[in-house]
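Single-structure report; data block below.
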Amino acid sequence: MRAELIRKGVKPQLFRIVSNPEFLREGSAVYDMFHPDKIVVGLEPDDDQSLAVMQAVYAGINAPYLTTSLTGAELIKYAANAFLATKISFINEMARICDAFAVDVNDIARGIGLDPRIGRIFCGPASAMEDLAFQKISKRSNMRRARAKWSRIC
210 MRAELIRKGV
220 KPQLFRIVSN
230 PEFLREGSAV
240 YDMFHPDKIV
250 VGLEPDDDQS
260 LAVMQAVYAG
270 INAPYLTTSL
280 TGAELIKYAA
290 NAFLATKISF
300 INEMARICDA
310 FAVDVNDIAR
320 GIGLDPRIGR
330 IFCGPASAME
340 DLAFQKISKR
350 SNMRRARAKW
360 SRIC
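Just so we're on the same page, this note's numbering is the position in the sequence shown counted from 1, plus 209.
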């Protein structure tokens, strides 16, 4: 982005770049904005001025605050979406197995959800609406692009 702005003639001293991904849930965006479970801010190295501005923006909001690189902030967003999609895919696959053995998948979801390492969130079989929401998130967050970046890294 920096190179693009400079190419368009914007002087580097006139702008700063910050990545501040949102982690809003469909249907509760306003609440989530003021009650986030985390605040992630990606900055360029040694950008204390932008850090101060972002801290002022979130002053009074009680949530863990993570400062990282610009790319790190974006990867946190991609990783969170990918992990949640994985949880939904996993429990949906468990539902197929449960059907084969006449077991209620909700019992399985509750049982594994009690493990604090797994947690209850997104640990139930997804409805068609949740599947659609995740398809939308996946498209919006460009999971293909993220997967391509990850494959180059690994």
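Heads up, the beta-carbon is just placed ideally off N, CA and C, and yes, glycines get one too.
Contact between A289 and F232 holds: CB atoms are separated by about 6 Å, below the 8 Å threshold. In this chain, the beta strand (DSSP E) harbouring L275 covers Y274 to S278. Under DSSP, S228 shares a beta bridge with G251. The three-state secondary structure of I297, taken from DSSP, is helix.
Secondary structure of N271 (DSSP, three-state): coil. With distances taken between CA atoms, G328 lies nearest to L293 out of E302, I306 and L293. Residue state for G322 is assigned as helix, using DSSP reduced to three classes. With three or more CB-CB distances shorter than 8 Å, the stretch 215-234 counts as touching the stretch 280-288. Here the stretch 265-272 does not lie against the stretch 293-302, with fewer than 3 beta-carbon pairs under 8 Å apart. The beta carbons of K247 and L214 sit about 28 Å from each other, so the pair does not count as a contact at 8 Å. Boundaries of the alpha helix (DSSP H) around V266: D257 to V266. The three-state secondary structure of K286, taken from DSSP, is helix. Around the Cβ of A238, a 10 Å sphere holds fewer than 16 other Cβ atoms; the residue is exposed. Under the three-state reduction of DSSP output, I306 falls in the helix class.
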